Amino acid sequence: MELTISIILGFMIIGAIYALHAKDLLSAVIAMGFVGYGLVICFLLLKAPDLAIVQIVVETITLVIMVAVVLDSTRKELEVSFDRRSLLTTIAGFIIFAGLFYFFYGAIQNLDPLGMHSLRMAETYVYGAVEKTGSINLVTGVLFDFRAYDTLGEAVILYTAALGALTLLRMKGKK
Amino acid sequence: MTVYILCFVLFLVGLYGVITRRNLIKIAISLSIMEFSIFLILVLIGYIDNGLAPIVDPGSSAQIYVDPLPQAMALTAIVIGLATTAMLMAIAIRLYRKYKTFDIREIRNLRG
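Those protein sequence lines, which keep their order, are chains A and B. Under our numbering, the first residue of the first sequence carries the number 17, and numbering increases by one thereafter. Under our numbering, the first residue of the second sequence carries the number 696, and numbering increases by one thereafter.
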C-alpha cells in the first residue's frame with residue numbers, strides 16, 4: 017500500500033513541477049488536473065470513497081473554471097529573468113524549506129506509522145454511530161450530525177464565496 | 696514514513712510556486728497543489744491496514760473501519776478549497792480586464 021501511494025505521489029510531484037514550469041498556461045492547468053486526479057486515486061486506495069467522489073467533482077469544476085479563465089485571457093507565460101536579487105531569494109527559500117522540513121520531520125515522529133492508526137477520540141464517532149445518527153455512512157454521520165455546526169459554517173463560506181465571485185464578475189470597473 | 700515525506704515534498708513544490716511564480720494563474724495552481732498535499736496527509740493519518748471504508752454494513756458486526764474523522768475534515772476543506780479557487784479566478788479575470796496582464800509585478804495600483 018505504502019509503495020503504491022508513493023509511486024502515485026511521485027507522479028503527482030512530477031506533474032506539479034511541470035505545471036509550475038510550463039510555457040503555456042493551458043498545459044499548466046491540465047497538469048494541475050493530473051495532480052488532482054492522482055489525488056482521487058490515492059483517496060480510493062486509502063478507503064475514502066466519499067472524498068474521492070467529492071474531489072473528482074471539485075477538480076472537474078476547478079479545471080473548467082481555470083480553462084475558461086485562460087481561454088478568455090492569454091495563454092502566454094511571463095518571462096522571468098534571473099538576476100542577483102532572485103539568487104538571494106533562492107538561497108533564503110532553500111533555508112526556509114530546510115527549516116520547515118526539520119520541523120515536519122520532528123512532527124511525524126510522533127505520528128503512528130502508516131496503517132497503525134489507533135482510534136482515540138474517533139471511537140465515539142465509529143462505535144454506535146449508526147444508532148445515534150441513523151446514517152450507515154460514518155463520514156456523513158460526522159459531517160451532518162456530530163459536527164453539523166462546522167458544516168453550517170462551511171455552507172456559509174461557500175455562499176459568501178459564490179456571492180463574492182458573482183459581485184466581482186458583474187461589477188463595472190473604473191476606466 | 697516515506698509517504699509523509701513525499702506529501703511534504705508536494706507541499707514544498709506548491710510553496711516554491713507561490714514564492715517564485717509571477718503569474719496569477721500559476722499562483723492559484725500552486726495554492727491548489729498545497730491544498731492537495733494537506734488533504735492527502737489528513738487521509739493518510741486516518742488510514743488503518745485492512746480497514747474497511749467507513750460505511751457500516753448492518754448485517755456484519757465487529758469490523759475495523761478507517762478513521763472517519765480526518766475524512767470529514769478533508770471533505771470540508773475540499774469544498775472550501777473550491778470556493779477560494781473560484782473567488783481567486785474571479786479576481787484574476789477582473790485584474791486581467793483592467794491591466795491586460797497576469798503579471799503581479801505590473802498590478803501595483805494600490806501600492807503607495
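Even for Gly, the Cβ is constructed at its ideal location relative to N, Cα and C. For clarity, every value in this text was computed on a predicted model and none was experimentally measured.
Short CB-CB distance (under 8 angstroms) between residue i and chain B
i	result
Ile81 (chain A)	yes
Tyr53 (chain A)	no
Asn153 (chain A)	yes
Phe50 (chain A)	no
Glu18 (chain A)	yes
Leu94 (chain A)	yes
Val85 (chain A)	yes
Ile33 (chain A)	yes
Phe27 (chain A)	no
Leu127 (chain A)	yes
Ser89 (chain A)	yes
Leu159 (chain A)	yes
Val172 (chain A)	no
Asp6 (chain A)	Chain A is shown from 17 up to 191; residue 6 (chain A) falls before or after that span and cannot be answered.
Val56 (chain A)	no
Leu168 (chain A)	no
Tyr165 (chain A)	no
Gly180 (chain A)	yes
Ile46 (chain A)	no
Ser22 (chain A)	yes
Any chain A beta carbon closer than 8 angstroms to residue i
i	result
Tyr794 (chain B)	no
Ile802 (chain B)	no
Ile810 (chain B)	No answer is possible for residue 810 (chain B): the residues shown for chain B start at 696 and end at 807.
Ile663 (chain B)	Given that chain B is displayed from residue 696 to residue 807, the structure contains no residue 663 (chain B) and the question cannot be resolved.
Selected residue, minimal CA-CA separation from residue i, among the options
i	options	result
Ala214 (chain A)	B:Pro749, B:Gly776 and B:Tyr711	Outside the displayed span of chain A (17 to 191) sits residue 214 (chain A), for which this structure offers no information.
Leu710 (chain B)	A:Leu116, A:Ala123, A:Val70 and A:Ile46	A:Leu116
Val738 (chain B)	B:Met696, B:Met768, B:Ala785 and B:Thr779	B:Met768
Ala164 (chain A)	B:Ala778, B:Thr796 and B:Thr771	B:Thr771
Leu61 (chain A)	A:Leu159, A:Ala123, A:Ser134 and A:Glu18	A:Glu18
Ser725 (chain B)	A:Ile23, A:Val73, A:Ala32 and A:Phe98	A:Ala32
Ile786 (chain B)	A:Ile112, A:Leu179 and A:Gly26	A:Leu179
Val8 (chain A)	B:Asp762, B:Phe731 and B:Ile736	With chain A running from 17 to 191 in the structure shown, residue 8 (chain A) is simply not present.
Leu25 (chain A)	B:Ile720, B:Ile733 and B:Asp798	B:Ile733
Leu159 (chain A)	B:Pro765, B:Ile736 and B:Gly712	B:Pro765
Leu174 (chain A)	B:Ala748, B:Val708 and B:Ile773	B:Ile773
Asn153 (chain A)	B:Met782, B:Lys793 and B:Pro753	B:Pro753
Ala778 (chain B)	A:Ala177, A:Arg136 and A:Thr183	A:Ala177
Ala138 (chain A)	B:Gly741, B:Leu707, B:Phe797 and B:Ile750	B:Gly741
Thr697 (chain B)	A:Ile107, A:Pro129 and A:Leu103	A:Pro129
Arg186 (chain A)	B:Ile802, B:Glu801, B:Arg789 and B:Leu707	B:Arg789
Thr140 (chain A)	A:Gly131, A:Val155 and A:Asn126	A:Val155
Ile750 (chain B)	A:Arg100, A:Gly144 and A:Asp99	A:Gly144
Phe59 (chain A)	B:Ile722, B:Pro763 and B:Arg803	B:Pro763
Gly746 (chain B)	A:Arg136, A:Ala181 and A:Met132	A:Met132
Buried versus exposed call for residue i [16 or more other C-beta atoms within 10 Å across all chains shown]
i	result
Asp744 (chain B)	exposed
Thr76 (chain A)	exposed
Thr780 (chain B)	buried
Met784 (chain B)	buried
Met48 (chain A)	buried
Ile728 (chain B)	buried
Gly150 (chain A)	exposed
Gln71 (chain A)	buried
Met28 (chain A)	buried
Lys188 (chain A)	exposed
Phe797 (chain B)	buried
Ser52 (chain A)	At residue 52 (chain A) the sequence reads Gly, which differs from the Ser that was named. It is buried - the Cβ of Gly52 (chain A) has at least 16 other Cβ atoms within 10 Å.
Ala123 (chain A)	exposed
beta-carbon residue i near the ligand MN non-hydrogen atom, thresh 7 angstroms
i	result
Ile714 (chain B)	Among the components modelled here there is no ligand, and therefore nothing to report on the ligand MN.
Is the segment 20-39 of chain A close to the segment 713-726 of chain B, with three or more CB pairs under 8 angstroms? yes
Which residues, in order along the segment 747-771 of chain B, keep a beta-carbon less than 7 angstroms from a beta-carbon of chain A? Leu747, Ala748, Pro749, Ile750, Val751, Pro753, Tyr760, Val761, Asp762, Pro763, Leu764, Gln766, Ala767, Ala769, Leu770 and Thr771
With a cut-off of 8 angstroms, do at least 3 Cβ pairs link the segment 86-97 of chain A to the segment 59-75 of chain A? no
Is there contact between the segment 78-85 of chain A and the segment 749-767 of chain B, where contact requires at least three CB pairs shorter than 8 angstroms? no
Against chain B: residues of the segment 96-119 of chain A by CB proximity under 9 angstroms: Val96, Ser102, Thr105, Thr106, Gly109, Ile112, Phe113, Leu116 and Phe117
State whether the segment 92-102 of chain A contacts the segment 698-707 of chain B, with contact taken as three or more CB pairs (one from each stretch) at a distance under 8 angstroms. no
Residues within the segment 64-81 of chain A neighbouring chain B, beta-carbon criterion of under 7 angstroms: Ala64, Pro65, Asp66, Leu67, Val70, Gln71, Val74, Ile77, Thr78 and Ile81
Using a beta-carbon distance cut-off of less than 8 angstroms, what residues from the segment 130-148 of chain A approach chain B? Leu130, Gly131, Met132, His133, Leu135, Met137, Ala138, Tyr141, Val142, Ala145 and Val146
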